[in-house]
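Asker: Residue numbers (this note's numbering): 1160 to 1270.
Note that the Cβ used here is the ideal one computed from N, Cα and C, for glycine as well.
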DNA sequence: AGGGTGACTGCTA
DNA sequence: GTAGCAGCCACCC
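(1) Give the straight-line distance between the Cα atoms of residue 1194 and residue 1214, rounded to the nearest whole angstrom.
(2) Comparing C-alpha positions only, which one of 1205, 1251, 1260 sits nearest to residue 1181?
(3) Report the rounded CA-to-CA distance for residue 1176 versus residue 1234, giving the unit in angstroms.
(4) Alpha helix (DSSP H) containing residue 1249: first to last residue?
(5) In angstroms, rounded to a whole number, what distance separates the CA positions of residue 1188 and residue 1249?
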């Protein structure tokens, strides 16, 4: 059982950054990496795996730069992806049948 | 301490 | 459009 305080500084930066993503918007691992000015997109993905609470940190609002769905709960495919899609759809972010983000204007750039 | 792994990205074919 | 390969930084044996 991990807590937020138990995580590394890098992890905490990533998780706090997800809270900056407004509802109905998403961002990419690369943009998030640039925003916190450390790590690499891969490291950001690894950080989200350690997410202590998906209800507190919106890790489902982070997708790869190719606008596909990416992964969730430590998996790159499977039913957990369906949960991620469902959460996003519930916030107004829709994906097409190929799992690609439909409205790319919903990408949050940390302006 | 050393090496492998990954919720990724970019370039090339 | 997809497939393969190299680079990437932090994490986990």
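Answerer: In brief:
(1) As a working mapping, residue 1194 is identified with position 35 in the first chain. As a working mapping, residue 1214 is identified with position 55 in the first chain. Those two C-alpha atoms are separated by around 22 Å.
(2) Numbered from 1 along the first chain, position 22 holds the residue referred to as residue 1181. For residue 1181, the nearest C-alpha among the options comes from 1251.
(3) On the first chain, position 17 is the one that residue 1176 refers to. On the first chain, position 75 is the one that residue 1234 refers to. Between residue 1176 and residue 1234, the C-alpha separation is close to 21 Å.
(4) Here residue 1249 refers to the residue found at position 90 when the first chain is read from its first residue. Looking at the DSSP string, the run of the alpha helix (DSSP H) that includes residue 1249 is 1238 to 1249.
(5) Sequence index remark: in the first chain, residue 1188 carries index 29 (1-based). Sequence index remark: in the first chain, residue 1249 carries index 90 (1-based). So the two alpha carbons sit approximately 21 Å from each other.
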